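Below is one structure, written out as structure tokens; the observations come after it.
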Amino acid sequence: MKAWQIGLVSKRGLRREGDERFVLPLWIAREGTPLGTSELVLTVAEAEQLHAALCYALDGKPIPDFAPECRNSIQRGPSARR
0 MKAWQIGLVS
10 KRGLRREGDE
20 RFVLPLWIAR
30 EGTPLGTSEL
40 VLTVAEAEQL
50 HAALCYALDG
60 KPIPDFAPEC
70 RNSIQRGPSA
80 RR
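Using numbering that gives the first Met the number 0, the first residue of the sequence shown is number 0, and each one after it goes up by one.
Spelled out as structure tokens, the structure:
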């Protein structure tokens, strides 16, 4: 089986496209050989679901100084999941 890699395109972050979509540029490689780029397009609902899943997946991990405020509220707030 070939080893595929997908990662964030450096210097190009998540962007809004209109009021209803978010676009995340990604690079694609196979066995270390770059093949090209693509974009992950998310609706607002999909972005919310991904955001929540990432927050809960990171729960309990050390919070770096550069973490967004929502990460602090999930882990340190009065209603934090335990």
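Every residue gets a Cβ at the ideal spot worked out from N, C-alpha and C, and that includes glycine. Please read all numbers here as calculations on a predicted model, not as lab measurements.
Best match in Ile27, Ile62, Val43 and Gln48 for proximity to Asp18 [C-alpha to C-alpha]: Your numbering for residue 18 matches position 19 in the sequence shown. Among Ile27, Ile62, Val43 and Gln48, the Cα nearest to that of Asp18 belongs to Val43.
Based on Cα-Cα distance, which residue from Leu41, Glu47, Cys69 and Phe65 lies nearest to Glu16? In the sequence shown, residue 16 corresponds to position 17, counting from 1. Selected option, being the one with the closest Cα: Leu41.
Keeping to the same chain, check which residues put their C-beta closer than 6 Å to that of Val22; ignore five residues upstream and five downstream. Here the question's residue 22 lines up with position 23 in the sequence shown. Arg14, Glu16, Glu38 and Val40.
Leaving out five residues before and five after Phe65 in sequence, what residues of the same chain have Cβ atoms less than 7 Å from its Cβ? Counting from 1 along the sequence shown, the entry for residue 65 is found at position 66. No residues qualify anywhere along the chain.
Give the single residue among Pro67, Leu49 and Ile5 whose Cα lies nearest to the Cα of Glu30. For the purposes of this step, residue 30 is identified with residue 31 of the sequence shown, where counting begins at 1. Among Pro67, Leu49 and Ile5, the Cα nearest to that of Glu30 is on Ile5.
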